[in-house]
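Trainee: Numbering (the numbering used here), first residue to last: 21 to 120. Virtual Cβ for every residue (Gly too), placed ideally from N, Cα, C.
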């Protein structure tokens with residue numbers, strides 16, 4: 021009986037550890053995305069000239085941010101903002117935005 025509990029506890033720890041990177045990506049994307057709401061509107065819905073994020077696909081956000089970062093896409097402030105993020109952070113942000 022003790023052997024089964026040890027095996028079960030080990031399996032649960034391995035499962036929890038394997039989920040940690042997924043949760044970290046989600047949390048990272050959410051944290052970054054929430055800062056975007058200052059310009060792109062509450063919940064990603066802009067009331068002004070800045071585009072809304074709500075309704076954007078994951079691929080669109082990832083491509084736009086990558087292009088801003090590389091300078092391929094021009095912008096007023098997004099080029100500078102995008103340069104501050106790693107590729108993994110951009111991927112996490114894109115997943116968050118696609119889920120709005």
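If you draw a straight line from the C-alpha of residue 96 to the C-alpha of residue 103, how long is it?
Mentor: The straight-line gap from Cα to Cα measures roughly 13 angstroms.
Trainee: In three-state terms, what does DSSP make of residue 111?
Mentor: Looking at residue 111 - three-state DSSP - the assignment turns out to be helix.
Trainee: Does DSSP put residue 76 in a helix, in a strand, or in coil?
Mentor: In the structure shown, residue 76 sits in coil (DSSP, three-state: anything other than H, G, I, E or B).
Trainee: Note the first and the last residue of the continuous alpha helix (DSSP H) segment covering residue 101.
Mentor: Residues 98-102.
Trainee: Counting Cβ pairs closer than 8 angstroms, one from the region 72-89 and one from the region 97-117, do we hit at least three?
Mentor: Touching, per the Cβ criterion.
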